[in-house]
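**Student:**
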Amino acid sequence: MIALLLRDLRLAIRAGGGFGLGLSFFLIVVVLVPFGVGPETELLSRIAPGILWVASLLAALLSLDRIFALDFEDGSLALLATSPLPLEGAAFMKALAHWITTGLPLTIAAPALGFLLSLAPDAYFYLLISLLIGTPALSMIGTFGAALTVGLRRGGLLLSLLVLPLYVPTLIFGAEAARRGSDGLDPSGALVLLGGITAGTFALLPFATAATLRINLR
Amino acid sequence: MNVCPKLEVFDNRQRGFDPIRVARIGTFIFWVVDVTGNRGLQPAIAGDINYPEDEGAYASHADGIKTALTVIENLKFWADIHGTSLPDTVLDTFDLADLKNRLGGTLSAGQKRRLGLARLGVIGRKVLFLDEPTVSLDGFSVKLFADWLQNTHLASGGIAVIATHIDLGLDAPELDLSPFRSAPEATGGTDEAFL
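Chain order of the listed sequences is A and B.
So in the numbering used here, the last spot in the first sequence is 261, and the numbers never skip.
So in the numbering used here, the last spot in the second sequence is 1420, and the numbers never skip.
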């Protein structure tokens, strides 16, 4: 399983890989928002947690269709399915690799970008924590969506339509935790629910992903 | 392991395969590959297929090569996934030693195919299902592959089911599927599987 993770990370970093794609999209969106909204720091500071969360969600969405499509095209997905590695484990590792190449860099970059949106000083910590807890769920749900659309040509649009509604709870609780942090309220309730969503997706979706892949590989 | 896996694929032919499936060699082999190689990804249409779990492997037209990984990284990956180590001889056997640090994307079709077949030498599976393994190989490479099959794979108790258009020169029984070839359509259409 570690071999699959290392291979995916290596592929993402090499030329033509997905590493940096989500991160640069995130940077661009967050840098553009103050130009669009105007230089009112009070307004920016109020919408900053939401903007950062929506931007990271869309950035994660950007590279989802690569998770299985490339392996499907060159035949390695079918070979993986016949290998001793359980497909559930492969699905888990694929999601983990996607998170390390997308969610983790976003989480690390978010506080720096929060400065551009004049994020409230109290919110930095909770923004970081909420992204750290929430973005793995984005990768796991996205992996499931990628498995659903793996055999389709131009499945990217369908993938977005399928996955975005499933992202809503993560977005709500993630942005809520960061917002409560910035308002000086107790964000623990939202963080616990966010953690619950992430734990739930990682417990259930590898199995759903593997079952979906088996159907799509027929 | 000295146990020779038992394979009953062809016995099932007499017991009522769907004639359409048998008629097209390409589809047939792909079907066999799907049922057996994919550990039940595809339910069997008829009959039973028995061989030890986790002893089957297949190679079809897609070699599963990552273009951004080097030849040796590609092979190492499959060895790790299957929990085997990379045999020292495999690069020489498939004439890949000079290419081992080249990226998969820079290989020619024949070189890619050799790399795809070298995977079979790495993963140590006993039952191989091969759908036209010699496509895009030159005469010398075909001989390399046939030598590996005969002297390494079969000699160590392995078995291989191969769909092929050329004579590999193996000492093995052949199953001629041409009697089951599907009749051309009444309108004169051709069967895609034979194009």
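Where is the CB? At the ideal position from N, CA and C, for every residue including glycine.
These figures come from a predicted structure and were not determined experimentally.
On the CB-based measure, 16 or more other CB atoms within 10 Å of its CB, does A:Asp-114 come out buried or exposed?
**Tutor:** If you number the first sequence from 1, residue 114 of chain A lands on position 71. A:Asp-114 comes out buried.
**Student:** To the nearest angstrom, report how far apart B:Leu-1342 and B:Asp-1323 are at their CA atoms.
**Tutor:** Translated into the one-based positions of the second sequence, residue 1342 of chain B becomes position 117. Translated into the one-based positions of the second sequence, residue 1323 of chain B becomes position 98. Answer to the nearest angstrom: the Cα atoms are 16 Å apart.
**Student:** In angstroms, rounded to a whole number, what distance separates the CA positions of B:Leu-1321 and A:Leu-170?
**Tutor:** Residue 1321 of chain B sits at position 96 when you count from the first residue of the second sequence. Residue 170 of chain A sits at position 127 when you count from the first residue of the first sequence. One alpha carbon belongs to B:Leu-1321, the other to A:Leu-170, and they sit about 51 Å apart.
**Student:** Between A:Pro-230, A:Ser-119 and A:Leu-159, which lies nearest to A:Pro-82 when the distance is taken from Cα to Cα?
**Tutor:** Here residue 82 of chain A is taken as the residue at index 39 of the first sequence, counted from 1. Per the Cα distances, A:Leu-159.
**Student:** Evaluate contact between the stretch 197 to 211 of chain A and the stretch 122 to 136 of chain A, counting only Cβ atoms and requiring at least three cross-stretch pairs below 8 Å.
**Tutor:** No: the two stretches stay apart, fewer than three of their Cβ pairs being nearer than 8 Å.
**Student:** For B:Val-1347, tell me which candidate among B:Ile-1290, B:Pro-1312 and B:Ile-1391 has the shortest Cα-Cα distance.
**Tutor:** One-based indexing of the second sequence puts residue 1347 of chain B at position 122. Answer by Cα proximity: B:Pro-1312.
**Student:** When you compare the CB of A:Pro-127 with every CB in chain B, is at least one pair closer than 9 Å?
**Tutor:** The residue you call residue 127 of chain A lines up with position 84 of the first sequence. A:Pro-127 counts as touching chain B.
**Student:** Around the Cβ of A:Val-74, are there at least 16 other Cβ atoms within 10 angstroms (buried) or fewer (exposed)?
**Tutor:** Here residue 74 of chain A refers to the residue found at position 31 when the first sequence is read from its first residue. So A:Val-74 counts as exposed.
**Student:** Please classify B:Ile-1348: does DSSP put it in a helix, a strand, or coil?
**Tutor:** Taking the first residue of the second sequence as 1, we reach residue 1348 of chain B at position 123. DSSP places B:Ile-1348 in helix when its eight states are reduced to three.
**Student:** Look up B:Asp-1356 in the DSSP assignment and say whether it is helix, strand or coil.
**Tutor:** If you number the second sequence from 1, residue 1356 of chain B lands on position 131. If DSSP states are grouped into helix, strand and coil, B:Asp-1356 belongs with the strands.
**Student:** If we cut at 9 Å on Cβ distances, does A:Ile-45 have a partner in chain B?
**Tutor:** Numbered from its first residue, the first sequence carries residue 45 of chain A at position 2. So, interface residue.
**Student:** Any Cβ of chain B within less than 9 Å of the Cβ of A:Ser-119?
**Tutor:** Counted from its first residue, the first sequence places residue 119 of chain A at position 76. Cβ-Cβ to chain B under 9 Å: yes for A:Ser-119.
**Student:** What is the DSSP secondary structure of B:Ala-1284, reduced to helix, strand or coil?
**Tutor:** Counting from 1 along the second sequence, the entry for residue 1284 of chain B is found at position 59. DSSP places B:Ala-1284 in strand when its eight states are reduced to three.
**Student:** Return the CA-CA distance between A:Thr-244 and A:Leu-175, expressed in angstroms with no decimal places.
**Tutor:** As a position in the first sequence, residue 244 of chain A is number 201, starting the count at 1. As a position in the first sequence, residue 175 of chain A is number 132, starting the count at 1. Approximately 15 Å between the Cα atoms of the pair.
**Student:** For chain A, is any of its Cβ atoms less than 9 Å away from the one on B:Gly-1346?
**Tutor:** For this step, residue 1346 of chain B is matched to residue 121 along the second sequence. Chain A, which has no Cβ nearer than 9 Å to the Cβ of B:Gly-1346, makes this no.
**Student:** Rounded to whole angstroms, what's the CA-CA distance from A:Ile-143 to A:Leu-52? Just pull it up for me.
**Tutor:** Translated into the one-based positions of the first sequence, residue 143 of chain A becomes position 100. Translated into the one-based positions of the first sequence, residue 52 of chain A becomes position 9. Their backbone Cα atoms lie some 8 Å apart in a straight line.
**Student:** In angstroms, rounded to a whole number, what distance separates the CA positions of A:Ile-172 and A:Gly-232?
**Tutor:** Translated into positions along the first sequence, residue 172 of chain A becomes position 129. Translated into positions along the first sequence, residue 232 of chain A becomes position 189. A:Ile-172 and A:Gly-232: Cα-Cα distance of roughly 13 Å.
**Student:** Is the beta carbon of B:Leu-1332 less than 9 Å from the beta carbon of B:Leu-1340?
**Tutor:** As a working mapping, residue 1332 of chain B is identified with position 107 in the second sequence. As a working mapping, residue 1340 of chain B is identified with position 115 in the second sequence. Yes, the Cβ-Cβ distance between B:Leu-1332 and B:Leu-1340 is below 9 Å.
**Student:** Along the alpha helix (DSSP H) that carries A:Val-72, what are the first and last residues, could you check?
**Tutor:** Indexing the first sequence from 1 puts residue 72 of chain A at position 29. Looking at the DSSP string, the run of the alpha helix (DSSP H) that includes A:Val-72 is 64 to 80.
**Student:** What is the DSSP secondary structure of A:Ala-242, counted as helix, strand or coil?
**Tutor:** Taking the first sequence and counting its residues from 1, one reaches residue 242 of chain A at position 199. Three-state result, A:Ala-242: helix.
**Student:** Which two residues bound the contiguous beta strand (DSSP E) that contains B:Val-1386?
**Tutor:** Here residue 1386 of chain B corresponds to residue number 161 of the second sequence, with the count starting at 1. Run containing B:Val-1386: 1384 to 1388, per the beta strand (DSSP E) assignment.
**Student:** Using alpha carbons as the reference points, say which of B:Lys-1351, B:Thr-1314 and B:Thr-1359 lies closest to B:Gly-1382.
**Tutor:** Here the question's residue 1382 of chain B lines up with position 157 in the second sequence. Per the Cα distances, B:Lys-1351.
**Student:** Please report how far the alpha carbon of B:Trp-1373 lies from the alpha carbon of B:Asn-1326, in whole angstroms.
**Tutor:** One-based indexing of the second sequence puts residue 1373 of chain B at position 148. One-based indexing of the second sequence puts residue 1326 of chain B at position 101. C-alpha separation (whole angstroms): 23 Å.
**Student:** Under 7 Å between beta-carbons, which chain B residues line up against A:Leu-122? List them in chain order, please.
**Tutor:** Indexing the first sequence from 1 puts residue 122 of chain A at position 79. Residues of chain B passing the Cβ test: Gly-1289.
**Student:** When you compare each of A:Asp-226, A:Asn-259, A:Ala-220 and A:Pro-164 to A:Trp-96 by their alpha carbons, which one comes out closest?
**Tutor:** Against the first sequence, residue 96 of chain A aligns to sequence position 53. Among A:Asp-226, A:Asn-259, A:Ala-220 and A:Pro-164, the Cα nearest to that of A:Trp-96 is on A:Ala-220.
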